[in-house]
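Q: I'd like to ask you about the structure that follows.
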Amino acid sequence: MISVIMTTYNAGRTVKKALDSLLPVLDELGVGYEIVATDNESQDNTVEILRRFDARVRVMRCTRGLGRHVAVGMSKGNYLLFYDADAYANRDLLFNFLQAIIKNKIDFSLAHSGVYLISRKCYSLTGGFMNLNFGEDIHFLGAGIYHMQIYLLSP
């Protein structure tokens, strides 16, 4: 199962387009998925737009900076797909990216700065994301890489 982790903050202008581009790809993959969105106290219509997706998207409000950690804790998937609320991935490229990673059981892959996939095991091993307002990706992709390299090199 893939758990899509999406944090939002005043993403009312972009979040629908992001999900509309992602959902057909997930459906075509033929694997189970869930979308867990945490909203960081948006002042626009972000939460209302997310709720229009009904059961396909679980929405929770949380304190800014804790969104990814909270969403991962709420999720169940073996893979965590971090997908920004303003990401618009090419449908074919995203499908091929996800299919190759799942088929080959790759633990971590970066599509671009707003889309990356990591196994839950690798996420736990690297310590996940710090509880910061900004720079979550920097910590994970920087300091966490060392631990991930050890994990990937270990038998």
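Residues in the sequence shown are numbered consecutively from 2, following my numbering.
We put the beta carbon where it would ideally sit given N, CA and C, even for glycine.
1. So, helix, strand or coil for Arg59, using DSSP?
2. If you check the beta carbons only, do Ile6 and Leu111 fall under 8 Å apart?
3. Identify every residue that forms a DSSP beta bridge with Ser110.
4. How about Thr9: is its C-beta nearer than 8 Å to some C-beta of chain C?
5. Is the beta carbon of Thr39 sitting closer than 8 Å to the one on Val71?
6. DSSP three-state label for Tyr54, please.
7. On the DSSP bridge assignment, give the partners of Val37 in chain order.
8. Starting from the Cα of Ile103, find the closest Cα among Ser120, Phe54, Ala88 and Asp93 and give me that residue.
9. Flag this pair as touching only if the segment 86 to 96 and the segment 15 to 33 have three or more C-beta atom pairs under 8 Å; answer yes or no.
10. Start and end of the alpha helix (DSSP H) containing Leu30?
A: Taking the structure as given:
1. Along the sequence shown, one-based indexing puts residue 59 at 58. Reduced to three states, the DSSP call for Arg59 is strand.
2. Here residue 6 refers to the residue found at position 5 when the sequence shown is read from its first residue. Here residue 111 refers to the residue found at position 110 when the sequence shown is read from its first residue. For Ile6 and Leu111, no; Cβs fall outside 8 Å.
3. Start at 1 with the first residue of the sequence shown, and residue 110 comes out as number 109. The partner list for Ser110 (beta bridge, DSSP) reads Leu118.
4. The structure shown contains no chain C, having only a single protein chain.
5. Within the sequence shown, residue 39 is the residue found at index 38, counting from 1. Within the sequence shown, residue 71 is the residue found at index 70, counting from 1. Their beta carbons are under 8 Å apart, which means Thr39 touches Val71 by this criterion.
6. Within the sequence shown, the letter at position 53 stands for residue 54. It should be pointed out that residue 54 corresponds to Phe in this sequence rather than to Tyr. Of the three classes helix, strand and coil, the one that applies to Phe54 here is coil, per DSSP.
7. Here residue 37 is taken as the residue at index 36 of the sequence shown, counted from 1. For Val37, which the question treats as bridged, DSSP gives the partners Ile6 and Arg59.
8. Taking the sequence shown and counting its residues from 1, the one referred to as residue 103 is at position 102. That would be Ser120, whose Cα lies nearest to the Cα of Ile103.
9. yes
10. As a position in the sequence shown, residue 30 is number 29, starting the count at 1. Its alpha helix (DSSP H) spans residues Val16 to Leu30.
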